[in-house]
Amino acid sequence: MTYRSNSEPRIVLITGGLSGIGLACAHRFADEGDQVFVTTRSEKRAVEFAAKPGSFPGSIDPIVANLDTPSSIAALLKEVGSIDVLVNNAGLNRPRPFLEFEIEDFDAIMSVNLRSVFMVTQAVAKTMIEAGCTGKIVVISSQAGFVGLPERTAYCASKHAVEGLIKAVAVDLAGTGVQINSVAPTFVETEMTRETLARDEFRELINRKLLTEALPKLSDVANAVHFLASDRLGSITGTTLRVDGGWTAH
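Following the working numbering, the numbering of the sequence shown begins with 2 at its first residue and continues without gaps.
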């Protein structure tokens, strides 16, 4: 299914896009013929990915980048050029009980999940407005932005903050033509979640909370992102599409 009414290829930037949700999103956009740039911190992973033949109408190009300073983000945007769609996907989690949590881990999670999202969103929004385009920004949030989860104090705090961020940014960007929304998935099997999902107690928690028969697939999340980045979005901005199997409904 396509949500596009315009067949012109777009320039899409996805942070943390060489695995899990980010890579699924990259495939979804490339399948529509878009030119996709994905960031990674790993030069090895970028080289390995670039060596694989692509089979998409569009393209997926990896870029090695750290998104922790304004100068590094400026260098990235200079390399990519104009951007029609930004998917803020890069994320970090270090699960452990609250009473055992180290402040260094808290700072690291906040830096990736909130500070970097703020800086990249701000920088890309400026370029979109300067170009006069009706840009779309999608932030990968989480159901953890709406509930508390065991051993995820910092992660939940970062995602609650992201949910506030997209609402406030949407207000400030009103009238610019740039729309921002988030997608909040429940647990989806990725490199980040595989170890957690293998634990019996977490599987029991998931089975109690889901209203659907199974966890969402990566393609479900990618389809949600693709819709929020489409030109059929209408007046939707500053809100969240929850792909959580009904977890946060009860």
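For each residue, glycine too, the CB sits at the ideal point set by N, CA and C.
Counting C-beta neighbours from all protein chains within 10 Å, is the total for residue i 16 or more, i.e. buried, or is it exposed?
| i | result |
| --- | --- |
| residue 72 | exposed |
| residue 50 | buried |
| residue 172 | exposed |
| residue 70 | exposed |
| residue 33 | buried |
| residue 166 | buried |
| residue 91 | buried |
| residue 104 | exposed |
| residue 230 | buried |
| residue 159 | buried |
Give the DSSP bridge partners of residue i, in chain order.
| i | result |
| --- | --- |
| residue 179 | According to DSSP, which records beta bridges pairwise, residue 179 is partnered with nothing at all. |
| residue 243 | 185 |
| residue 16 | Looking at the DSSP assignment, residue 16 forms no beta bridge with any residue, so it has no partner. |
| residue 37 | 13, 61 |
| residue 148 | Paired residue(s): none; residue 148 is not in a bridge. |
| residue 87 | 14, 138 |
Taking 7 angstroms as the limit between beta carbons, can you name the residues of its chain near residue i, skipping five residues before and five after?
| i | result |
| --- | --- |
| residue 222 | 22, 25, 184, 186, 189, 244 |
| residue 130 | 177, 179 |
| residue 238 | 171, 180, 181, 182 |
| residue 168 | 239 |
| residue 27 | 15, 18, 37, 39, 61 |
Go through its chain and collect everything with a Cβ distance to residue i's Cβ below 8 angstroms, but skip five positions before and after it.
| i | result |
| --- | --- |
| residue 83 | 12, 128, 132, 134 |
| residue 75 | 124 |
Restricting to Cα atoms, I'd like to know which of the options is closest to residue i.
| i | options | result |
| --- | --- | --- |
| residue 209 | 16, 246, 241 | 246 |
| residue 216 | 202, 198, 225 | 198 |
| residue 206 | 194, 250, 150 | 150 |
| residue 224 | 242, 109, 211, 104 | 242 |
| residue 181 | 248, 118, 138 | 138 |
| residue 45 | 30, 102, 234, 19 | 19 |
| residue 212 | 30, 250, 10 | 250 |
| residue 164 | 175, 174, 143 | 143 |
| residue 148 | 248, 31, 30, 10 | 248 |
| residue 120 | 77, 158, 106, 203 | 77 |
Please return the same chain residues whose Cβ sits closer than 6 angstroms to the Cβ of residue i, not counting the five positions on each side in sequence.
| i | result |
| --- | --- |
| residue 161 | 146 |
| residue 47 | 41, 63, 65 |
Does the separation of the CB atoms of residue i and residue j fall below 9 angstroms?
| i | j | result |
| --- | --- | --- |
| residue 98 | residue 156 | no |
| residue 89 | residue 37 | no |
| residue 114 | residue 153 | no |
| residue 136 | residue 86 | yes |
| residue 220 | residue 29 | yes |
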